[in-house]
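Working notes, beginning with the structure itself.
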Amino acid sequence: MADKKKPDFLLPTDCDCQQALEAVIAGRLYGHGLYIRIPRSLFDYSIRSKNYPFPAISLYVFENEKIRLLRPERELVDENILNNYEMVWIKEEDLPIIRKYSEEVLLATKGTLKTLPTTKRIEIIRRSAIAVVEDLFVKPTAENLDRSKKIVGSFVQLIMQDPRAYLMLAQLSSHDHYTLQHSVGTAVNSIILAKKIGIANEQDLNNIGLAGLLHDIGKVTIKSEIINKKGPLSESEWAEMILHPLKGFEIVKDNPGIAERSKRAILEHHEDKEGTGYPNRLKQEQIDLFSNIVGLCDVFNALTTDRSYSKARTVFDALELIRDKMHHKVDADLFAQLVLIYGGKV
-11 MADKKKPDFL LPTDCDCQQA LEAVIAGRLY GHGLYIRIPR SLFDYSIRSK
39 NYPFPAISLY VFENEKIRLL RPERELVDEN ILNNYEMVWI KEEDLPIIRK
89 YSEEVLLATK GTLKTLPTTK RIEIIRRSAI AVVEDLFVKP TAENLDRSKK
139 IVGSFVQLIM QDPRAYLMLA QLSSHDHYTL QHSVGTAVNS IILAKKIGIA
189 NEQDLNNIGL AGLLHDIGKV TIKSEIINKK GPLSESEWAE MILHPLKGFE
239 IVKDNPGIAE RSKRAILEHH EDKEGTGYPN RLKQEQIDLF SNIVGLCDVF
289 NALTTDRSYS KARTVFDALE LIRDKMHHKV DADLFAQLVL IYGGKV
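Residue numbers (our numbering): -11 to 334.
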C-alpha cells in the first residue's frame, strides 16, 4: 500500500512545535554570547513536510561547557541526531532567518491559526506584522514587500471571520518602536473602516490594508534624527519630512505585486480635502477613496499611539480632536463611520 500523503498543516499533536514557532516570533528565546537557543521541536514540521524545509544554517550544541557544531550549513536535518537533544543553538546572526521561517509556517499552513483563540491569533499576526515592518524599514526589498502582503491577508481573513477581532486589536498594548506599531495599527484600522463603509471584496481589503502597512515606507529615506526628534521640526527638516509619501511611492511604483490603488494611497495619504496637503496639494475630488481611508486612519492611529514626545490619547479624545481641529481636512462621511466603529458619538 502506498504511503498516505502527509498533510500540509500542523496537527493537534504538534503543540510543542507550534509553541516553539510562537516563541521565535515573540522573541522568547535565551541567548548566550553569540548564540541563541532554540527548541528541538521547532524542527518537527520541516521534518514531516517537504514544503517548508528548515533553513540551511549551522546548528550547534553545548556539551561539557563547550560549543560544538552539530549540523554544518546546507546539510539536511538528521532527525535521528536531533532526537538526542531537547535544545540546539544557532548563531545570533541567523535569528532573522529563523524568524522568517517561523512566520511563514504559522501564517501559510492550512488550519494552523484557525485552531487558536482569537486573542492568540491576533498576537501572532501582530508580532509577525511588526517584524515584517521592521525588516521593511531596514531593507524594502521585493521579498519583504511580498511578506507584507501575506501579513495583510492574514489580518483581512481574521477581521472577516470575526468582526470583534478589531476590538481586541485595539486593546493590545505594545512597547514596540512607534513607527512599526503605527504602521500595523494604520493597516488594521484601514481594513476595518473599509469594511464598515461596505467594501466587501477581499482583494480590495487586502490592497487597502497593504497601503496602510506601507504608507510610511518612504521614511526609510529620511534622516533618523528627523524622524525621532522630540521637538518641532525646523523649516529644512519639515521640507525633508514631507517628501516621504513621494519617496514611498518611488519604492513601490515598479513592484507588479502591489496594486495601483495601494501605490496611489501611499503617495496621497497626506493630501486633504482643502488642497493644503502634500506632496501635490490635491483637492477632495482628486483624492482616491483608498487614500482618504488610509489618511484618516493614519491620523487616528497616530493620536492613539504612544510616542517618545507624546502620550497616546484615548479613542474618545482622539476622535474629539479630529472633529474639532481637523474636520476641514478629513472626509466627513469616513469620519462618521470611524466614530461608529468605536461605538459612540463625539
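Glycine included, each C-beta is placed from N, C-alpha and C at the ideal position.
None of these values were measured; they are calculated from a predicted model.
query                                                                                                                         : result
From T106, A8 and T129, residue whose alpha carbon lies closest to that of R25                                                : A8
Which of helix, strand or coil DSSP assigns to P220                                                                           : coil
Local conformation of Y33 per DSSP, three classes                                                                             : helix
Beta-carbon proximity list for L322, same chain, < 8 angstroms, skipping 5 on both sides                                      : L181, I185, N280, I281 and L284
Assigned secondary structure, S161 (DSSP; H/G/I helix, E/B strand, else coil)                                                 : Only weak support is given to the placement of S161: the predicted model assigns it a pLDDT of 39, under 50, and the question is left unresolved by the model.
V49 - DSSP class collapsed to helix/strand/coil                                                                               : strand
Beta bridge counterpart(s) of L57 as assigned by DSSP                                                                         : Y48
Supposed close pair F125, V208 - CB separation, criterion 8 angstroms                                                         : 5 angstroms
C-alpha distance - K138 paired with N52, whole-angstrom precision                                                             : 43 angstroms
Bridge partner(s) assigned by DSSP for G19                                                                                    : I24
Nearest neighbour of I13, chosen from K54, P41, E225 and E122 [CA to CA]                                                      : E122
For R295, the three-state DSSP class (helix, strand or coil)                                                                  : strand
Per-residue burial, E223 [other beta carbons within 10 Å of its own, 16 or more giving buried]                                : exposed
Reduced DSSP secondary structure (H/G/I, E/B, other) of I205                                                                  : helix
K79: first and last residue of the uninterrupted beta strand (DSSP E) it sits in                                              : M75 to K79
Minimum C-alpha distance to I205 - residue among E61, V76 and I239                                                            : I239
Contact set for M(-11): own chain, Cβ-Cβ below 7 angstroms, skip 5 residues either direction                                  : At M(-11), the pLDDT of 41 sits below 50, so the modelled position is not reliable and the matter cannot be decided from this model.
Where D260 sits in the DSSP three-state scheme                                                                                : coil
Pair within 7 angstroms by beta-carbon distance, R28 and E74                                                                  : yes
Cβ-heavy atom distance, R115 to the ligand ZN, below 6 angstroms                                                              : This structure does not include the ligand ZN; it has no bound ligands of any sort.
Straight-line Cα distance separating S136 from K54                                                                            : 39 angstroms
Residues near W77 in its chain [Cβ-Cβ closer than 6 angstroms; skip 5 each side]                                              : Y23, R25 and Y48
Secondary structure of V65, DSSP reduced to three states                                                                      : coil
Residues of its chain near L255, where Cβ-Cβ distance is below 6 angstroms and the 5 sequence neighbours each way are ignored : P233 and F237
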